[in-house]
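Those letters in the sequence shown? Residues 604 to 760, by our numbering.
Where a beta carbon is used, it is the ideal one built from N, C-alpha and C, also for glycine.
These numbers come from a predicted model, not from an experiment.
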Amino acid sequence: MTSFRRGIRFGIDVGRARVGVARSDPDGVLAVPVETVPRKGEPIRRIAALAAEYEAFEIVVGLPLNLRGEDTPSTTDARAFAAALAAALPMTVRLVDERLSTVSAQSVLREAGRSQRDSRSIVDQVAAVVLLQQALDVERQSGEPAGPAVTPGQEPA
Numbered sequence: 604m605t606s607f608r609r610g611i612r613f614g615i616d617v618g619r620a621r622v623g624v625a626r627s628d629p630d631g632v633l634a635v636p637v638e639t640v641p642r643k644g645e646p647i648r649r650i651a652a653l654a655a656e657y658e659a660f661e662i663v664v665g666l667p668l669n670l671r672g673e674d675t676p677s678t679t680d681a682r683a684f685a686a687a688l689a690a691a692l693p694m695t696v697r698l699v700d701e702r703l704s705t706v707s708a709q710s711v712l713r714e715a716g717r718s719q720r721d722s723r724s725i726v727d728q729v730a731a732v733v734l735l736q737q738a739l740d741v742e743r744q745s746g747e748p749a750g751p752a753v754t755p756g757q758e759p760a
């Protein structure tokens, strides 16, 4: 039996136009969608308000590496977003490999009978659910948190 840290975690899927937000239950069994936050405006402030409302203790941000595990322009953007979250929030922010989370989310929505056009407003939330559920499963199996912690003000790698 591995040790599992109890408490609500947030999953964040960073996109160019929108940021998907998901949360776990306190026991870390299930990830559920919360909200799609527009990237324009003050997304960090909105995510901070949601994290406070749900009393989250940790945030995992998806790191969109390419299939070979290499950085892309989206990876740099996600690292910068995670560093901004870490600087603004009094909790740990972690980066987790999210390869194919958006593809998985689109597949789930297609299977549910939703077209890509109809799903645009929620695909980011579903991608956040997928990456958060993956992080929860990793921690449950290994006893260690998924992904490295981000240092506030950390330069994108």
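Where the beta strand (DSSP E) containing residue i begins and where it ends
i: P751; result: Taken as a continuous stretch (DSSP letters only), P751 belongs to no beta strand (DSSP E), as it is neither H nor E.
i: D700; result: T695 to D700
N-terminal and C-terminal residue of the alpha helix (DSSP H) that residue i is part of
i: D674; result: Per DSSP, D674 belongs to no alpha helix (DSSP H) and is neither H nor E.
i: V617; result: Here V617 belongs to no alpha helix (DSSP H); instead the beta strand (DSSP E) covers R612 to V617.
Close beta carbons around residue i, own chain, < 6 Å, minus the five adjacent residues each side
i: A685; result: V664, V696, L698 and V753
i: F660; result: G610 and M694
i: A654; result: F613
The ligand NAD heavy atom lying under 8 Å from the CB of residue i
i: R609; result: No copy of the ligand NAD occurs in the structure displayed, which carries no ligand at all.
Residue of the options minimising C-alpha distance to residue i
i: A687; options: A651, A659, A655 and E656; result: A651
i: P751; options: A689, V729 and V617; result: A689
i: P609; options: L668, V729 and E658; result: According to the sequence provided, residue 609 is Arg. The question's Pro does not apply to it. It is E658.
i: L670; options: P646, E701, A655 and S627; result: E701
i: S677; options: F607, V622, S606 and V640; result: V622
Sequence-distant residues of the same chain with beta carbon closer than 7 Å to residue i, five excluded per side
i: V732; result: G614, A625, A634, V635 and P636
i: A749; result: V663, R697, V699, A738, V741 and E742
i: P629; result: R609, G610 and I611
Nearest-angstrom beta carbon gap, residue j and residue i [assumed within contact, 8 Å]
i: A691; j: D616; result: The pair is not a contact, with the Cβ atoms about 18 Å apart (cut-off 8 Å).
i: S627; j: L735; result: 6 Å
Pick out the complete beta strand (DSSP E) segments inside the segment 620 to 671, 3 residues or longer, and give them in chain order. Fully enclosed beta strand (DSSP E) runs of 3 or longer: 621 to 627, 634 to 641 and 661 to 666.
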